[in-house]
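K.L.:
If you read the sequence shown in the UniProt record's numbering, its first letter stands for residue 1, the second for the next number, and so on.
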Amino acid sequence: MTPADPSHRALVSATPAFRSFANVAAMPHSSRPSPFRHLNISRRVARWLARQGRPFDLRAGLDLDRTTLEDEFRSRHQAVYVGDGIVLARVLGRFKMYLRGDDVGFAGHVMMDGYWESWLTRFLIGRVEPGMVCVDVGANFGYHTLALAHLCGPAGRVVAVEPNPMALEWLRRTMHLNGFRRRTRIEGVALGDTPTGSLRLVWPAGEPKNARVIKGKVSPPHLQSTTVPVTSLDRLLAEEDRVDFLKIDAEGAEVAILRGGLDTLRTHRPHLVLEYNPGRYEDAQALLGELLDIYGAVARLDITGDVLPIAPRVAYEDRSGEDQLLYFGRP
């Protein structure tokens, strides 16, 4: 075991003498016990030492700007290979998450930094309250599902939807490992505008987060693929007494998902976060119009996690080709 090993750092940081040293190092020079008074260590390093091994209070992230929040996550991250191409990482400063080592688009960032889409994380901290029923459509390996399950608390619950079998099993294991199995319902289906059926799911090699459904049974030869069952959002949530928060990130399937969930939106009017890219839709304006009929207004999440009200045309006339995170709120 070397000082660079995560296991060595965990052992040392758990040692009482080390923790005491870190606490002393964080004191002003004049306040330290005499043996440590002239210890030459920066306050920044001392703070880092003191918080090693201490889980981050996710709710405290609401009072932090994006950069500081990222620093808190990054300072606590760890990753360890557990075999068969799987890595176990600490994310969001407190949770354990299974990742595929061959996932080049998502896992590498999370393994090295301990976070993903910090602006959305910061937004979730400010919107999700204890007792809420949350729905995560496009849960992938469960990064945002973890945050939702923690923030809604034991009185709430999360419905996580992920059709990709490459991610689904590890999503289940991650939620179990973190003690969230009882408050999380995981559905391995794709969502569409019909209550039953099947669709072809395709994804690039090493990019399971970019899985998408296609029409027809023939898959492009350069993509991995499988057939998955389909249901509608309305049918999936028919037995739920309430739906408070809904996140949809479905790589272009948003139109079909929303049209299969209009009754749910009208009945519960949940906080809705929608990944929206007008270049993916035949009629981006019509999609937005259906949501405006229910919610009345639209906003955009900026790169800091703040909510900025916008005129609808700003969203559907965007030609940048970039995904937008739109927010439709409760009154």
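Glycine included, every Cβ here is placed at the ideal spot set by N, Cα and C.
Using a 10 Å radius around the Cβ and a threshold of 16 neighbouring Cβ atoms, would you call I303 buried or exposed?
P.N.:
Classification for I303: exposed.
K.L.:
Once the 5 residues before and after F95 are set aside, which same chain residues still bring their CB inside 7 Å of it?
P.N.:
So the list reads L146, N178, once near-sequence residues are dropped.
K.L.:
Could you give the DSSP three-state label for P35: helix, strand or coil?
P.N.:
Its pLDDT being 48, under 50, P35 is placed unreliably by the model, and the measurement read from it follows with that caveat. Here P35 sits in helix by DSSP.
K.L.:
Taking only runs that begin and end inside the stretch 191-251, name each unbroken alpha helix (DSSP H) of 4 or more residues, in chain order.
P.N.:
Runs of the alpha helix (DSSP H) inside the stretch 191-251: 233-236.
K.L.:
Should P270 and V137 be called a contact, given that it needs their Cβ atoms to be closer than 9 Å?
P.N.:
In this structure, V137 does not lie closer than 9 Å to P270 by Cβ.
K.L.:
Would you kindly report the start and end of the unbroken beta strand (DSSP E) that includes E275?
P.N.:
Segment 271-276, the beta strand (DSSP E) holding E275.
K.L.:
Alpha carbon to alpha carbon, how far is G296 from E254?
P.N.:
G296 and E254: Cα-Cα distance of roughly 19 Å.
K.L.:
So, helix, strand or coil for V80, using DSSP?
P.N.:
Residue state, collapsed to three classes: strand.
K.L.:
At the level of alpha carbons, what is the spacing between H150 and R185?
P.N.:
For H150 and R185, the distance between alpha carbons rounds to 14 Å.
K.L.:
If the criterion is Cβ atoms closer than 9 Å, does the pair T264 and L288 meet it?
P.N.:
It is not a contact, given that the beta carbons lie outside the stated cut-off.
K.L.:
May I ask you to verify whether the stretch 66-73 touches the stretch 110-127, counting CB pairs closer than 8 Å and requiring at least 3?
P.N.:
Flag = yes, the stretch 66-73 and the stretch 110-127 touch.
K.L.:
With DSSP as the reference, label V189 as helix, strand or coil.
P.N.:
Three-state DSSP puts V189 in coil, outside helix and strand.
K.L.:
On the three-pair Cβ rule with 8 Å, is the stretch 88-103 touching the stretch 69-80?
P.N.:
Segments in contact, yes.
K.L.:
For the 8 Å Cβ check, are there 3 or more pairs between the stretch 151-158 and the stretch 195-208?
P.N.:
Contact fails: fewer than three Cβ-Cβ distances are below 8 Å.
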